[in-house]
Amino acid sequence: MSSLMEENMEMKIMENSTAEKDYVVSLKDLNVYYGDFHAVDNVNLNLEKNKVTALIGPSGCGKSTVLRSINRMNELLPETKVEGEILFDGININQAKVDAVAVRRRIGMVFQKPNPFPKSIYENIAWGAKINGYKGDMDELVENSLKKAALWNEVKDKLKQSAMRLSGGQQQRLCIARTIAVEPEVILMDEPASALDPIATGRIEELIFELKENFTIAIVTHNMHQAGRISDYTAFFLVNNDRKGHLVEYGVTNDLFLNPKDKRTEEYISGKFG
Ligand SMILES: Nc1ncnc2c1ncn2[C@@H]1O[C@H](COP(=O)(O)OP(=O)(O)OP(=O)(O)O)[C@@H](O)[C@H]1O
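The end of the sequence shown is residue 274 by full-length UniProt numbering, with every number in the run present.
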């Protein structure tokens with residue numbers, strides 16, 4: 001474990017005693033339906049500023065659905081209905097009058113499979129900024145974004161090269177750099193390391209640590225060790241007998257892993273099912 005991670009462990013223990021929380025996102029009674037299928041049942045969950053919140057649970061319990069609701073990506077899927085409040089900086093963004101594209105600019109997303117554009121490394125970063133009418137120095141923005149995503153040193157001499165020629169781990173860091181470039185406040189990550197080898201995964205985990213200084217992060221992961229290593233808070237989801245996904249337990253990661261309140265959490269984290 002790196003010293004950075006050890007430091008974070010200590011921080012996490014100290015945070016246990018902190019009463020006042022600064023929530024950037026609060027989900028209130030979130031329900032999501034795919035057609036007639038009620039996929040997510042009444043979820044209440046907060047994302048604290050500059051913290052990493054991990055969403056864990058067995059396959060199909062609604063983790064990705066909850067994550068996609070936060071920046072209104074679900075509504076891009078046909079016949080999807082999202083009910084409840086999604087408070088972002090205190091405003092309910094789950095309303096037709098709120099511009100979903102503007103929401104996605106402030107709440108960025110990184111997907112399971114790296115999905116760079118078939119363009120140069122430079123263009124991958126500059127694209128979003130250009131669309132948003134960025135007026136600053138583009139070279140500087142590209143460099144800073146790549147630095148923040150811990151990729152600059154590997155690509156600084158080949159910015160004109162196609163992003164498709166990078167390794168999977170480099171592509172994922174490029175996608176993170178692309179997300180950072182438009183300066184979101186929140187970054188949603190849907191199993192961002194599951195397609196990567198252990199070394200590339202380690203780099204992404206280190207990066208998530210560094211990013212939380214500037215961003216609030218929610219990450220879906222199947223890897224409980226990863227959730228334990230990188231997150232400050234963990235939310236554990238399960239499906240009911242009627243297949244609805246719901247939140248079983250949420251808390252400080254150390255507490256949830258070492259001292260779960262719900263028997264089902266304990267069984268899941270001890271590998272009895274999942
Ligand atoms: N586009 C969709 N249309 C219909 N049903 C969907 C759609 N996306 C997800 N579902 C269903 O909603 C439920 C929750 O899916 P979701 O992908 O959110 O779960 P998950 O916990 O992220 O799963 P996994 O860990 O396997 O990725 C599942 O029963 C899934 O089949």
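Every residue, glycine too, gets a C-beta built ideally from N, C-alpha and C. A quick note: this is a predicted structure, and the numbers were derived from the prediction, not measured.
Open item on the list: Taking 7 Å as the cut-off, is the beta-carbon of TYR33 closer than that to any non-hydrogen atom of ligand 1?
Closed with: no
Task: Nearest to LYS244 (by Cα), restricted to the options LEU45, GLY35, CYS61 and GLU48 - done: CYS61
Open item on the list: At the level of alpha carbons, what is the spacing between ALA100 and ASN71?
Closed with: 7 Å
Task: Simplified DSSP assignment, three categories, for PHE257 - done: helix
Task: CA-to-CA distance, ASN241 to GLY128, given in whole angstroms - done: 43 Å
Task: Alpha carbon of VAL182 to alpha carbon of LYS21, nearest angstrom - done: 26 Å
TODO: Rank SER69, LYS130, GLY133 and ILE125 by C-alpha distance to the C-alpha of LEU146 and give the top, closest one.
DONE: ILE125
TODO: Just grab the DSSP bridge partners of VAL252 for me.
DONE: TYR233
Open item on the list: Since THR216 and ASN50 should fall inside the 8 Å C-beta cutoff, what is the C-beta to C-beta distance between them, to a whole number of angstroms?
Closed with: 6 Å
- [ ] Please confirm whether any heavy atom of ligand 1 lies closer than 7 Å to the CB of HIS246.
- [x] no
TODO: Indicate, with yes or no, if ligand 1 has a heavy atom lying under 7 Å from the CB of ARG173.
DONE: no
TODO: Would you decide whether GLY136 is buried or exposed? Buried here means 16 or more other CB atoms lie within 10 Å of its CB.
DONE: exposed
Task: VAL98 in three-state terms, based on DSSP - done: coil
Task: Own chain, CB closer than 7 Å to CYS175, minus 5 neighbours either side, in chain order - done: VAL110, PRO114, ASN115 and PRO116
Task: Short Cβ contact (8 Å threshold) for GLN170 with GLU191 - done: no
TODO: Below 6 Å CB to CB, which residues in the same chain sit around GLY35 once its five sequence neighbours on both sides are set aside?
DONE: GLU79
TODO: For ASP190, write down the residues that DSSP places opposite it in a beta bridge.
DONE: VAL220
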